[in-house]
Every structure is written in structure tokens, then in C-alpha cells.
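Participant: Chains as they are written, first to last, in the numbering used here: chain A, 32 to 471; chain B, 32 to 471.
For glycine and all other residues, C-beta sits at the position ideal for the given N, C-alpha and C.
2 protein chains.
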Amino acid sequence: MRMYDLIMKKRNGGELSSEEITFLINGYVEGNIPDYQMSAFLMAVYFKGMTEGETLAMTNAVAHSGDMVDLAGIDGIKVDKHSTGGVGDKTTLIIAPIVAACGVKVAKMSGRGLGHTGGTIDKLESIPGMKTSLSREKFFQVVNETGLSVIGQSGNMTPADKKMYALRDVTATVDSIPLIAVSIMGKKLAAGNDCILLDVKTGSGAFMKTVEDSIALAKEMVAIGENAGKRTVALITDMDIPLGHNIGNSLEVIEAVDTLKGNGPDDLTQVCLNLAANMLYLAGKGNLDECMEMAKQAITDGTVLERLVAMVKAQGGDASVIEDTANFAKAPYSCEIPADKTGFITVMDTEKCGIASTLLGAGRETKDSEIDYTAGLILYRKVGDYVEAGEKIAVMYASDETLFANARSVYEDAITIQEEKPEEKPLIFARVTKDAVEKY
Amino acid sequence: MRMYDLIMKKRNGGELSSEEITFLINGYVEGNIPDYQMSAFLMAVYFKGMTEGETLAMTNAVAHSGDMVDLAGIDGIKVDKHSTGGVGDKTTLIIAPIVAACGVKVAKMSGRGLGHTGGTIDKLESIPGMKTSLSREKFFQVVNETGLSVIGQSGNMTPADKKMYALRDVTATVDSIPLIAVSIMGKKLAAGNDCILLDVKTGSGAFMKTVEDSIALAKEMVAIGENAGKRTVALITDMDIPLGHNIGNSLEVIEAVDTLKGNGPDDLTQVCLNLAANMLYLAGKGNLDECMEMAKQAITDGTVLERLVAMVKAQGGDASVIEDTANFAKAPYSCEIPADKTGFITVMDTEKCGIASTLLGAGRETKDSEIDYTAGLILYRKVGDYVEAGEKIAVMYASDETLFANARSVYEDAITIQEEKPEEKPLIFARVTKDAVEKY
Chain A
32 MRMYDLIMKK RNGGELSSEE ITFLINGYVE GNIPDYQMSA FLMAVYFKGM
82 TEGETLAMTN AVAHSGDMVD LAGIDGIKVD KHSTGGVGDK TTLIIAPIVA
132 ACGVKVAKMS GRGLGHTGGT IDKLESIPGM KTSLSREKFF QVVNETGLSV
182 IGQSGNMTPA DKKMYALRDV TATVDSIPLI AVSIMGKKLA AGNDCILLDV
232 KTGSGAFMKT VEDSIALAKE MVAIGENAGK RTVALITDMD IPLGHNIGNS
282 LEVIEAVDTL KGNGPDDLTQ VCLNLAANML YLAGKGNLDE CMEMAKQAIT
332 DGTVLERLVA MVKAQGGDAS VIEDTANFAK APYSCEIPAD KTGFITVMDT
382 EKCGIASTLL GAGRETKDSE IDYTAGLILY RKVGDYVEAG EKIAVMYASD
432 ETLFANARSV YEDAITIQEE KPEEKPLIFA RVTKDAVEKY
Chain B
32 MRMYDLIMKK RNGGELSSEE ITFLINGYVE GNIPDYQMSA FLMAVYFKGM
82 TEGETLAMTN AVAHSGDMVD LAGIDGIKVD KHSTGGVGDK TTLIIAPIVA
132 ACGVKVAKMS GRGLGHTGGT IDKLESIPGM KTSLSREKFF QVVNETGLSV
182 IGQSGNMTPA DKKMYALRDV TATVDSIPLI AVSIMGKKLA AGNDCILLDV
232 KTGSGAFMKT VEDSIALAKE MVAIGENAGK RTVALITDMD IPLGHNIGNS
282 LEVIEAVDTL KGNGPDDLTQ VCLNLAANML YLAGKGNLDE CMEMAKQAIT
332 DGTVLERLVA MVKAQGGDAS VIEDTANFAK APYSCEIPAD KTGFITVMDT
382 EKCGIASTLL GAGRETKDSE IDYTAGLILY RKVGDYVEAG EKIAVMYASD
432 ETLFANARSV YEDAITIQEE KPEEKPLIFA RVTKDAVEKY
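1) Name the chain B residues that come within less than 8 Å of Gln68/A, Cβ to Cβ?
2) Taking Cβ positions only, does Ile38/B come closer than 9 Å to chain A?
3) Kindly provide the ranges of any alpha helix (DSSP H) runs that are 4 or more residues long and lie completely inside the segment 272-319 of chain A, ordered along the chain.
4) Would you verify that the beta carbon of Phe359/B is, or is not, closer than 9 Å to some beta carbon of chain A?
5) Quick check: the Cα distance between Glu51/A and Met32/A, rounded to an integer number of angstroms?
6) Within the continuous beta strand (DSSP E) that includes Pro369/B, where are the two ends?
7) So, at 6 Å on beta carbons, what are the nonlocal neighbours of Gly150/A in its own chain, with the 5 sequence-adjacent residues on each side left out?
8) Run through DSSP, which three-state label would Phe170/B get?
9) Using 8 Å for Cβ pairs, my map puts Met310/B next to Val135/B. What's the rounded Cβ distance?
10) Taking 9 Å as the CB-CB cut-off, is Leu73/B touching chain A?
11) Scan the segment 41-60 of chain B for residues whose Cβ lies nearer than 9 Å to a Cβ of chain A and list them as they occur along the chain.
12) Taking 8 Å as the cut-off, does the CB of Gly385/B come closer than this to any heavy atom belonging to the ligand ADP?
13) Please report whether the beta-carbon of Pro453/A lies at a distance below 9 Å from any beta-carbon of chain B.
14) Using beta-carbon positions only, say whether Ala222/A and Ser180/A come within less than 9 Å of one another.
15) Any C-beta of chain A sitting closer than 9 Å to the C-beta of Tyr196/B?
16) Taking Cβ-Cβ distances shorter than 9 Å, what residues in chain A pair up with Phe78/B?
17) Under three-state DSSP, which class holds Gln449/B?
18) Please list, in chain order, all residues of the same chain as His276/A whose beta carbon is under 6 Å from its beta carbon, the five residues on each side excluded.
19) Looking only at DSSP bridge pairs, what is Cys133/B linked to?
20) Could you have a look at Leu198/A and say whether DSSP puts it in helix, strand or coil?
21) How is the beta strand (DSSP E) around Lys154/B delimited, first residue to last?
22) State yes or no: is the beta carbon of Tyr35/B nearer than 9 Å to at least one beta carbon in chain A?
23) Look at Val118/A and Cys366/A and say whether their C-beta atoms are less than 9 Å apart.
24) Name the DSSP bridge partner or partners of Cys226/B?
25) Taking the alpha-carbon of Lys361/B as reference, which of Ile368/B, Gln68/B and Tyr428/B has the nearest alpha-carbon?
26) Note down the Cα distance separating Gly394/A from Glu283/A, rounded to an integer number of angstroms.
27) Three Cβ pairs or more, each shorter than 8 Å: is that satisfied between the segment 209-223 of chain A and the segment 124-133 of chain A?
28) Report yes or no: is there a C-beta of chain A within less than 9 Å of the C-beta of Pro65/B?
29) On the DSSP letters alone, give me the boundaries of the beta strand (DSSP E) that Leu179/A sits inside.
30) With Thr263/A and Ile227/A assumed to form a contact (beta carbons below 8 Å), what rounded beta-carbon distance in angstroms separates them?
31) Suppose you measure from the CA of Val93/B to the CA of Thr373/B; what does that come to, to the nearest Å?
32) Could you please give me the residues that DSSP links to Lys423/B through a beta bridge?
33) For my contact list, Leu18/B and Thr202/B are in at a C-beta cut-off of 8 Å; report their separation, rounded to the angstrom.
34) Assign Asp200/B to buried or exposed, taking buried as 16 or more other Cβ atoms, counted over all protein chains shown, within 10 Å of its Cβ.
35) If you draw a straight line from the C-alpha of Ala247/B to the C-alpha of Lys316/B, how long is it?
36) Do the segment 98-112 of chain B and the segment 167-184 of chain B touch if we need at least three Cβ pairs shorter than 8 Å?
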């Protein structure tokens, strides 16, 4: 087998066999296939796409390129959730306790933030003492004892994905739907869960800017998951507006706790209930309506916060900040942003909101940046709200006053205020299963 | 400027500016742009093509990436000729003396053969003592004294083309018409001639298999040449059948000499007269009919062979083999191939004919292979000829009897004999100028 022939085949619109795809991925990881051949192949994939058979084979090869997690040490059905990333997306902190409270184990590996999007691991680490790097045994023990555990990736997982992603990043081949699907699903297959719920974000703060592209990506990922023998469902959820009111690490934990107490903002609560219900559905806890009832009930009866407290304690964290979020350290400086005119907020460019938060110290501009866990924004007014000129629409928090000027100008640039009330848009656009795309 | 942005622009169908193209080519030659970015760019070009402005800018950048030949030391208008390569293509050996005899200087750099196609330099080197590597001064002196000189490329010409071609060769991006045009025309611009005649071969022995593709390539090259200020014309000539009867180095020189004496095969003579007439036309010697008359006259009055003899002598070669081709060394072994049935030869797969010749020792399988100048084939019967089963259709020559078996089986595989006489096809399909495509 020669890589040259595989590039030529893809370039000419042919379909690669499973053996050819495996040869290609293994050869690349082992260094037998050079970057310059791989990048030509990836560009050919950008133009010619991949068949369902090809994406499945590539996902399997990527998953098996490194450590495969075996979750057999945890009893029962394990359900994973993956978000394609957004701003103010603290859903994992809310859903995992809900699902665990309903009797389905969550043994989840999450990532860190980069660029304008946050990461669950950074948010968890804003809890003093919280460990996100556990041994395999400790991880299993926490899940078995508390019903849930969220940790960072460890060991040598999906090296093929890391190497390919780094190459795509410098050769303008990142935004290829089959390649995105392979990258995400490769990591999901390696993570060892039985079922996978995908939260595909769509809009100005998401990687996928349109509902159509988001559905296309969701379909590819659901097909890969199902073909790999995992029950898989995707929800297409809104990221044209930041989710909830809080952006920043401890600020998002605080909002998650509020939501687990039943006091969260409506958009965040609704998205989390839908995600949780679908995870329970995937785990076979009933039909979707029954699962939704179960999730709501869990919040109402107050059992969910206990779950988060138990997990934080089990992972060495100071649970007092969860029991009373007033115990969180606070940023020494704050700065209010007033509306610059009267009218309805019609647009919040969500990527810019995320950049503003990063500029305040809440995110990373490069992999090695230090995070300020107390920094971020609280959005008091969102799209659809009527505001008076001068009224407080947001507050920024930082540990360095000089950061406010830049962040404020980016945030103000993100906001459009107009006379006419904007049309209301759904929070969840569609649900994608192996059989159908249900549009909401 | 970042290479990433240039890849993205091309991938998305944008047009790169002249500055961007120059940055890209220079950065690649200097090693600032890595192979993996260049190969992604080249694959994007494969799918998105290049505009006339882009191909011109890239050709100029490729030409200027190394030494530019300055032919000012040679008086008068200098006309170059380039063939896209074929089997039995000894036209340069015939045209250069004709054009020189008609008063137009030919200062030509030619290549060596690789794979199934031969190279003019190898053919010349079958003449004992012939030097094809001359100093610039000696090259000019030979042209000024004899009217013509054909040498190999020397110095550091078009390193960008060499580096890009090596990359394209392993990334399945060779067969892109704009990239082929840039590669050929970059070398032509660097070679410093005033006018360029392109002989674009078409058919089973050519790089371009269809007339349509050949015309498309010709149009791109003519546009580049004219936009670069060189008078440029292309002929699309047949390579679905080997040109002439002889394939192999000294065998082709012998046939070229026969043709210069007016005793050449009709197809070869016609193609050479047309090419020579167009070169004279480009040099401003008259209209095409007048130039054709001039070329024919040159052969008839016997002045052309003298030109070849003079050039061979000036370049240190033993002209006695030209004056009497019986003086050429002969291969020690020969082997006749009989027709395997009675009927008309309808197909001669020309690439296979070339491979048969290479297998006999006349060509190179790799860059470092040694050539046997005496090896090759003489084709006694060609497409359209009626043959009786058992009749001699070709003779193979080699210095090692064991080579015949393989070569014979490839040659026999190339030949199809059928009952019905095949339709006659033109030798020259079209003439492409900056203003028009004239189909013949």
C-alpha cells in the first residue's frame, strides 16, 4: 500500500477501504507517512468529503491510536456528553449531577478552554483543592461512590487526533465536517462510554455558524457513534447568545449551583434539562417525556446539589464554596457596562463576549496562559431585553483594573441595540438520531 | 503575510495577488514555508485552479527563483521549442538545423529522458564525443558560428520548479493543468529566448491523453508566454502512435539524419516541417505559408544536414556518424517481432512502446540508470498498416539477449490487430495562439 495511491484515490473521488484508512492513520502516527502527504490528503478530503464507511474506519483508527479507556470497573450504563464548545457553557457541571441523581453513572473526561471558549476542567479547578487528574482506580472509585466524576484527559489518548489536528490547524483544513466528526468521535470512542450525547452548538459563538452545518456535523457524528455500536443522539443548541448570564470560571460554577437549586436562568435550565433527559433516554431510563420528568424532579427534590458536593469532596475540593457560593474568592475589581442607548438588545456576538472574558483573564490565549479563576462577566441583559440608555447591562470582574478598557470595548462591540424587538429564536433547533432529524 | 491565509484563500476560490504568489514561491524555495503547507496549497490549486494573473505571477517567480539565462550575447531573434514529451520524438534534432538553415538562431536547453519518454540530450550523447555541457561562452560561440546549439540545463535554474515538482510527484498533484503550465513556462522564461513554440503531445504516449486537455494546457502556456512578453504559439500534435519508426537513442539520430536528407518517414517529416515553420513564423520570417516553403526548401537544397554536422563538430562530437550513419555502433543482438495475426494494426499503445524501449536499455527507470545508446526498436509497421500473420512488424535491439523476452511481451501487448482498417487521424490537431484555437 502506498500513501500516494490513497491521496490519488481520494482526490479522484474514490472511497478508501477500512484497511487503507487504518494504514494511513497508523502510518501517520508512526511517522512513516510524512506531514506533506497527510496535508495533501486532508485537503483532498476537504473537497471530496468522506463516506460513512470512511469516517467510521478513520474514527476507529484514531481511537485505537492510543490508550483506550475501559470503564468495565464501573457498574451500569455509562453515558458521555460532548459539547462542541461555546461561551458560558457550564452545562456539564449541571447535567452530570442530574443524570447521576437519576441513577445513571457519569464518568466523564473533559477539556480545558482555549481561545474564546471555556473548558469544564478550568471551571472545576476554580474550586479550591479540586483535583482533576486522578488515577484510573481513583476515578472509578469516585464514580462508583458518588455516581459521577469529571476529570481531565490523561495518558496517551488519541495521538493520531493530536497530530492531525496540529497539521490541519496550519494547512486550512480544520473546517471539514467529516474531519471534525472524526476528531470528536475518535476521542469519544476512546473514552469508553456506552452511549454518547452530543451537544452541537450553533451560532456566532460556536464553531458551526449555521443550523444546517450543525445538523450536517451532528448527522456524521451520530452515524459514526451508532456504527461503532454506541447509542448516540445529538441536540443542536443555540450559541448565538452566551448561555446563562455568567462567563468566567468561578462565576460559571456559581451559576451552575444556582441552576441545580432550581434558581438558574431559564435558557440554561431548559438546555440542561433537555440534555440530561436525552442522556437518561440513551441510558434506557424511559421515553423522552419520562426522562424529562425525572430530570425536573431531581432538581425539585434537591438531590442534585448533594451529588455535586459529593463529587467535589471525593476529588479533594473544598465543598464549602458549593454549599455557599459566597465563599468563592472574588475578583478585587469590577466595572459596570451601561447601555449606550435605549432599545432592544438584538445581537450579542458571542465569540466577542468570549474574547472579552479572555481579555479579563478568564481564558487562555495560548496553551500556556495562566487563568484568573475569579475573572469574567455577568450579563444582566441579553438579546430580547429592553434597556434604557445608561442602564447597567453587564459587570466585568478582573484582578487588574487596566484590563477593563480593552475588554469593555470588545464587549460593547459585541452588543447591538435597536428599536425593534428581535424575533425570539429557539434554544434547541433540532434533535438528530440515527433515524431522523427532528426539528424543533 | 501568512502561508495559512494563502492556502485558505485558494481553498475558498479566491485569487492570490502577484505579491502573495511571489511570497509563496520565494518562501518555499528559501525553506520558510514547509512542504506540508505547500502540498495543501497545491492540492487546493488542483481543485480550484489558477487565474491567468496567478499563473503568470507564479511562472515569473519560478523563473526568477534561480539563474536567468541572458542570450544577449547571441545576435538576432532566438526561438525556443518545447515538447511535452513523447516516444520517438526526435524533432529537436531535425527542427533546430532547419530553423538555423533558414537564418534563425537556436540556442536550446534540452532535458534527459525519464520513464517511457526519451530526452534529446541522451540522443545527442549517442554521438561519440558529443559534449552537451558547455560553458555559457562556448554555448554562445557555437550558436553564433553554426546557428544552433543544443545543451543540457546547467547551473541553478528554476530551483522552485525542482522542489515543487518533487513534492507534487509524491502528493498526487502532478496532473493539474495550471501547475504543469507554470512548470514548463518557468523553465522557458528562465532560458531567455525571445519566442517560444510549444509542441503539446496528445494521446496514449503523452502526458495529456485527450485533445481537449492538450488544448487547455496549450492555452494556459500561450497566455503565460504572451503575458510575459514572449511571442508564443502551441501546436497540438499526435502521440497516440510513436513518431517515426525508430525508438532509442542512436536509432533516433539515424532517423533524424534520414529526415534531414529528405528521406524521413512521412509523419515525422510533416510534424517537423510544421514545427519549424511555426518557429520561423514566430521569428518574423514571414507568414505561415511562406515559412513552410522556406523549411521545405531547406531540406530540398541539402543545407540542413551541414548545420547538424557543424553543431556536432563544434560540440566535440564525431560527425562521421552523421555524415554516414552506418558508422554508429550497433547493438550486438537483435530480435524480430512478427505479427500474431492478419489484419490492420489499429492501436499502438505508445506508452507501452516507450516502456519496451526502456526495458531494452534505451531509457532510464530511475534518475541514475545507465543508458545503452544502441538499444531500442524499429517499427516496420504502424497504425493503419495491413499485416500478414508472421510478417515482421518490428525489430528490437539490445546488448543483452535476456532483455528481449520482457520487452517483446510489453510491445506485443501494445499492438492491436483487427479486421477493419482504422480511421485515419490527423498528425496535428490544432494550433493555439493568444487570439485563437485553430483546429485542423
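Facilitator: Let me lay it out:
1) The answer, in chain order, is Ser70, Val201 and Thr202.
2) Judged by the 9 Å Cβ criterion, Ile38/B is in contact with chain A.
3) With a minimum length of 4 residues, the continuous alpha helix (DSSP H) runs that stay inside the segment 272-319 of chain A are 280-291 and 297-313.
4) Not flagged as an interface residue toward chain A: Phe359/B, since no C-beta distance is shorter than 9 Å.
5) Roughly 8 Å separates the two Cα atoms.
6) Looking at the DSSP string, the run of the beta strand (DSSP E) that includes Pro369/B is Tyr364 to Pro369.
7) Contacts found: Gly142, Arg143 and Gly144.
8) In the three-state reduction of the DSSP assignment, Phe170/B falls in the helix class.
9) Confirmed, Cβ separation roughly 7 Å.
10) Using a CB distance cut-off of 9 Å, Leu73/B counts as an interface residue toward chain A.
11) Correct list: Lys41, Arg42 and Asn43.
12) Only the bare structure without any ligand can be found here, which leaves the ligand ADP out of the picture.
13) Chain B contact via Cβ: absent.
14) With a cutoff of 9 Å on beta-carbon distance, Ala222/A and Ser180/A are scored as not near each other.
15) No, its Cβ sits nowhere closer than 9 Å to a Cβ of chain A.
16) Correct list: Arg42, Met74, Ala75, Tyr77, Phe78 and Lys79.
17) For Gln449/B, the three-state secondary structure derived from DSSP is strand.
18) In chain order, Pro296, Ile409 and Leu410 place their CB closer than 6 Å to the CB of His276/A, counting only its own chain and leaving out the 5 sequence neighbours on each side.
19) Note: Cys133/B sits in no beta bridge, so no partner.
20) In this structure, Leu198/A counts as helix in the three-state DSSP scheme.
21) Counting along the chain, no beta strand (DSSP E) covers Lys154/B; the unbroken alpha helix (DSSP H) around it starts and ends at Thr151 to Glu156.
22) Yes, Tyr35/B lies at the interface with chain A (some Cβ there is under 9 Å from its Cβ).
23) The answer is no: Cβ separation not under 9 Å.
24) For Cys226/B, which the question treats as bridged, DSSP gives the partners Val110/B and Arg262/B.
25) Minimum Cα distance to Lys361/B is reached at Tyr428/B.
26) Rounded to whole angstroms, the gap between the alpha carbons of Gly394/A and Glu283/A is 13 Å.
27) No: fewer than three Cβ pairs fall under 8 Å.
28) So yes, Pro65/B belongs to the interface.
29) Leu179/A: member of the beta strand (DSSP E) spanning Leu179 to Gly183, first to last residue.
30) Between Ile227/A and Thr263/A the Cβ distance is about 5 Å, and since that is below 8 Å, they are a contact.
31) Between Val93/B and Thr373/B, the C-alpha separation is close to 52 Å.
32) Its beta-bridge partners are Pro369/B.
33) Outside the shown range of chain B, which is 32 to 471, sits residue 18/B, and nothing can be said about it.
34) Flag for Asp200/B reads exposed.
35) If you draw a straight line from the Cα of Ala247/B to the Cα of Lys316/B, it comes to about 28 Å.
36) The segment 98-112 of chain B, when compared against the segment 167-184 of chain B, does touch it at the 8 Å Cβ threshold.
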